[in-house]
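Line by line, the protein sequences are chains Y and L.
Numbers in this note's numbering are just positions in the first sequence, counted from 1, shifted up by 578.
Numbers in this note's numbering are just positions in the second sequence, counted from 1, shifted up by 578.
There are 2 protein chains.
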Amino acid sequence: MIYFDNAATSWPKPPEVLAAMEHCLREVGANPGRAGHKLALAANRLVDETRKELAALFNIRDPDRIVFGLNATEALNLAIKGLLKPGQHVVTSSMEHNSVTRPLHVLQGRGVEVTKVPCDHTGAIRVEDVAAAIRPDTVAIIMTHASNVTGTIMPVAAIGRLAREKGLRFIVDAAQTAGVLDIDVEAMHIDLLAFPGHKSLFGPPGTGGLYVAEGLELTPLKEGGTGSHSDVPGQPEVLPERYESGTLNTVGLAGLGAGVKFIRREGMEKIRRHEQDLTRQFLEGLKKIEGIRVYGPQDAARRAPVVSFAVKNRPAGDIGTILDQKYNIACRAGLHCAPDAHRTLGTFEQKLVRFSFSYFNRPDEVDYALRCLLEIVEKDIPAPEGSSGCGC
Amino acid sequence: MIYFDNAATSWPKPPEVLAAMEHCLREVGANPGRAGHKLALAANRLVDETRKELAALFNIRDPDRIVFGLNATEALNLAIKGLLKPGQHVVTSSMEHNSVTRPLHVLQGRGVEVTKVPCDHTGAIRVEDVAAAIRPDTVAIIMTHASNVTGTIMPVAAIGRLAREKGLRFIVDAAQTAGVLDIDVEAMHIDLLAFPGHKSLFGPPGTGGLYVAEGLELTPLKEGGTGSHSDVPGQPEVLPERYESGTLNTVGLAGLGAGVKFIRREGMEKIRRHEQDLTRQFLEGLKKIEGIRVYGPQDAARRAPVVSFAVKNRPAGDIGTILDQKYNIACRAGLHCAPDAHRTLGTFEQKLVRFSFSYFNRPDEVDYALRCLLEIVEKDIPAPEGSSGCGC
């Protein structure tokens, strides 16, 4: 199986990720922050080490302002619902994932107003359009760092500056960029940074987190046992406990720490270059296949390592199924949980086939995929019967 | 290290738990329910298998009515905040964990009324007191199945009958009983059952779930990508997706499935008998040590395998530290994230030392702990300097 579905979850992981998880489960095992005994303290240290690794990666001064949860979706829910109040206005883009649009949809029902700034046919947004959408009652800008459909990189630094100038909070969804692109919460004026642990940070599923800038108070999404300040009736004020009720995914976070260490050791630049090379190779190969239409920027440097395309007028699900069943290639066909993005691209009906690359993919895999796609187009290979192939 | 902190998280896990996690991370890896490719389908099957195992364990007809999250705290937040509306009244006990009391505390600020039925000095509740607390505006009863401080087993079946008779919803916190005691959601009339994966179900941390009875609609705690119905602007109606936004902890859930299989293969009765024997042995041993006061029922059969006690007038934290540092015993001293329970017992100031047993503990470990405690009492062993020992 050749795996080109890294934008959903990266696979394989560096070997040290499993080793760290195994160590944690076998040798540590205990619940961090809940007792004074040696195992609990060791679990605490593991989790704190992961916080420190991430803080170094994102230039976060205080690691305790990173709070962990199940995934980036939880982090975005905490950021969006924890921040916005009825009567407030927020600006976002037309390329967002459902993890942003759905919480906003719920808040719209509770009196929050939302402006979705339209992106162009490559998924790109203009900073002046974002500026023009700001109103006197605007409190925040929420934006993905890169589209999960087209990979289009948003001008996050410029929008961060704009947010700072206008006194707005800036929430960034780094689902496709954490571990891929440089993220500096200070330089980019990011107030709330949501990231998954299991994508380009190479951690296991079940990990994700939110950076909460100093001075920013959110309504917690969940309350419960925090392992400290147990005597107060509500949530404690102190971070990370305030937003981390219940037992953390210690084992997964140990794995995530190993994943981030791997990235910092290999070097973000080297990883980025490799993924960009694969993206460029794929984009150039697709250009040569008549009948394939690529969406998003043509320049690989303007993308996260994600490429979506349509094959003639064929439903994306059929192509996904053929790639899986005939050629043993795992990719993702459908709406990619981002119907707004597909509406922006005009592909809401046909949907798209998405390839997404990781540091562990190789150029020969991309070559093989290109040959398969050429064959599908030239021979008009039909989809196996009874299969839908469409995920989300 | 002898580990008696299983009520926080069980350790060690059966070997097949790690094996299942390793298999999932190495061989499957993909995101379930998000694509049609073979790996994603395999991930989906793993998660579904865990749902089926749990459904069989709890006598749940439709496995899709089990929704997974980070932990039992998340499940309780979804149950409590998803169900209760301002102006409604709810009945609970005075022995609840902060994972119940804190969400209720927040809801009280939003117009939900809460009656905490007082338990006696053993942590026991009388069904007639619960009945007497029901008012015309009561919509639900929320109760732990067994106290995490005293292990006291609540009369869940009787309270379930009462709830059914009165037309109330019944929410059960099975944090200390899932995998320990028989739970039958049909026979016990449980509408919402919250359980952790990482305690007596032997899964890894980062797993937990909620059973949602048929016909019951909750407001989701989180919205986002659900891998299906991506075109609808809000959350889909269908379970489990409605309450499972974002990427699940596939690897952890594979481990949880192996944990539940282990329990079903060994047999709940055998596990229960072993844990009860250890509890009885410990209770009887403690009785013989002058100066130790045990809280909760004297009869091991009336407890989950949890025993909390005070040593003379000494702060619990000191005893916890001595046990850890001098004797290499991991237990838990403090408030156990359950201040209400400690108020009920009259131990809010002194706090308690808690031992909690698992199937993997042995009688000789209990004997050793009893000898250590005797020595601490007889020699009045002081706590090491500079240590607090108190967790939560």
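Note that CB positions come from ideal geometry on N, CA and C, so glycine has one too.
Sub-8 Å separation of residue i and residue j beta-carbons
| i | j | result |
| --- | --- | --- |
| Y/Ile-731 | Y/Ile-658 | no |
| L/Gly-775 | Y/Pro-590 | no |
| Y/Ile-870 | Y/Val-955 | yes |
| Y/Gly-803 | L/Thr-722 | no |
| L/Ile-768 | L/Gly-738 | yes |
| Y/Pro-783 | L/Thr-828 | yes |
| Y/Thr-922 | Y/Gly-701 | yes |
| Y/Phe-860 | Y/Val-758 | no |
| L/Thr-755 | L/Ala-724 | yes |
| Y/Gly-647 | Y/Val-885 | no |
| L/Phe-582 | L/Ile-907 | yes |
| Y/Ser-808 | L/Cys-697 | no |
| L/Glu-631 | L/Lys-839 | yes |
| L/Gly-833 | L/Val-684 | no |
| Y/His-920 | Y/Val-727 | yes |
| Y/Ala-711 | Y/Val-695 | yes |
| Y/Pro-960 | Y/Lys-929 | no |
| Y/Pro-592 | Y/Gly-793 | no |
| L/Thr-899 | Y/Gly-805 | no |
| L/Gly-781 | L/Gly-845 | no |
Candidates the options: closest to residue i by CA position
| i | options | result |
| --- | --- | --- |
| L/Phe-773 | L/Ile-954, L/Ile-644 and L/Arg-940 | L/Ile-644 |
| L/Arg-612 | Y/Gly-786, Y/Leu-913, Y/Arg-940 and Y/Ala-947 | Y/Leu-913 |
| L/Lys-904 | L/Thr-925, L/Ala-878 and L/Pro-962 | L/Pro-962 |
| L/His-610 | L/Asn-622, L/Phe-780, L/Glu-631 and L/Arg-604 | In the sequence as displayed, the identity of residue 610 of chain L is Pro instead of His. Ranking the options by Cα distance to L/Pro-610, first place goes to L/Asn-622. |
| Y/Asp-877 | Y/Leu-864, Y/Val-889 and Y/Glu-868 | Y/Leu-864 |
| L/Glu-815 | L/Ile-841, L/Asp-642, L/Arg-858 and L/Lys-777 | L/Asp-642 |
| L/Pro-655 | L/Val-750, L/Glu-631, L/Ile-638 and L/Gly-895 | Here residue 655 of chain L is Asn; the residue named in the question, Pro, does not match the sequence. Of the candidates L/Val-750, L/Glu-631, L/Ile-638 and L/Gly-895, the one whose C-alpha sits nearest the C-alpha of L/Asn-655 is L/Val-750. |
| L/Asp-626 | L/Tyr-873, L/Glu-600, L/Glu-819 and L/Arg-910 | L/Glu-819 |
| L/Pro-883 | L/Thr-857, L/Leu-596 and L/Gln-928 | L/Thr-857 |
| L/Thr-587 | Y/Ala-597, Y/Thr-587, Y/Ile-900 and Y/Leu-617 | Y/Leu-617 |
| Y/His-675 | L/Glu-674, L/Val-763, L/Gly-812 and L/Ser-778 | L/Gly-812 |
| L/Ala-634 | L/Val-690, L/Asp-762 and L/Asn-649 | L/Asp-762 |
| L/Ala-888 | L/Ala-597, L/Ile-841 and L/Val-931 | L/Val-931 |
| L/Arg-713 | L/Arg-880, L/Thr-925, L/Glu-691 and L/Ile-703 | L/Glu-691 |
| Y/Asn-649 | Y/Gly-687, Y/Asp-942 and Y/Lys-777 | Y/Lys-777 |
Listed by chain order, chain Y residues near residue i by CB distance under 7 Å
| i | result |
| --- | --- |
| L/Cys-950 | Here the premise fails: no neighbours, minimum Cβ distance about 14 Å. |
| L/His-675 | Gly-803 |
| L/Thr-828 | Pro-783 |
| L/Gln-813 | Arg-680 |
| L/Glu-652 | Lys-800 and Gly-824 |
Interface partners of residue i on chain L, CB under 8 Å
| i | result |
| --- | --- |
| Y/Leu-799 | Asn-655, Leu-799 and Lys-800 |
| Y/Tyr-581 | Gly-607, Ala-608 and Leu-617 |
| Y/Pro-681 | Lys-800, Glu-801 and Gly-802 |
| Y/Asp-902 | Gly-614, His-615 and Lys-616 |
Listed by chain order, chain Y residues near residue i by CB distance under 9 Å
| i | result |
| --- | --- |
| L/Leu-522 | Summary: the structure shown does not reach residue 522 of chain L, with chain L confined to residues 579 through 970, and so no result is reported for it. |
| L/Cys-909 | Ala-613 and His-615 |
| L/Gly-895 | Gly-614 |
| L/Glu-594 | Per Cβ cutoff of 9 Å: no residues; L/Glu-594 is ~12 Å from chain Y at best. |
Beta-carbon neighbours of residue i, restricted to chain Y and to distances below 8 Å
| i | result |
| --- | --- |
| L/Ala-586 | Ala-608, Asn-609, Arg-612, Ala-613, Ala-618 and Thr-825 |
| L/Lys-591 | Leu-603 and Gly-607 |
| L/Ser-808 | Asn-676, Gly-912, Leu-913, His-914, Cys-915, Ala-916, Pro-917 and Cys-970 |
| L/His-767 | Simply none; closest approach about 25 Å. |
| L/Gly-898 | Ala-613, Gly-614 and His-615 |
| L/Glu-600 | Leu-596 and Glu-600 |
Chain-ordered neighbours of residue i on chain L, where CB pairs are closer than 9 Å
| i | result |
| --- | --- |
| Y/Asn-939 | Residues of chain L passing the Cβ test: none, with the nearest at roughly 14 Å. |
| Y/Val-684 | Thr-797, Pro-798, Glu-801, Gly-812 and Gln-813 |
Cross-chain neighbours of residue i in chain L, by beta carbon under 7 Å
| i | result |
| --- | --- |
| Y/His-776 | Thr-825 |
| Y/Asn-649 | Gly-824 and Thr-825 |
Threshold first: 3 residues or longer. Then list the beta strand (DSSP E) segments lying entirely within the region 710-750 of chain Y, N to C. 716-722
The region 930-937 of chain Y contacting the region 850-862 of chain Y, beta-carbon criterion three pairs below 8 Å: yes
If you scan the region 639-715 of chain Y from start to end, which runs of the beta strand (DSSP E) of 3 or more residues do you find wholly inside it? 644-647, 667-671 and 691-695
When you compare the region 744-755 of chain Y with the region 669-686 of chain Y, are there three or more beta-carbon pairs, one atom per stretch, that lie closer than 8 Å? yes
Could I get the ranges of all uninterrupted beta strand (DSSP E) runs contained in the region 883-920 of chain L, with 3 residues as the minimum, in chain order? 884-889 and 910-912
Take every Cβ of the region 809-828 of chain L, pair it with every Cβ of the region 678-691 of chain Y, and state whether three or more of those distances are shorter than 8 Å. yes
Beta strand (DSSP E) runs contained entirely in the region 780-846 of chain Y, provided each spans 3 or more residues: 786-790
Completely contained alpha helix (DSSP H) runs for the region 584-612 of chain L, where each covers 4 or more residues: 593-601
Let me know the alpha helix (DSSP H) ranges lying completely inside the region 844-871 of chain L, each 4 residues or longer, listed in chain order. 846-865
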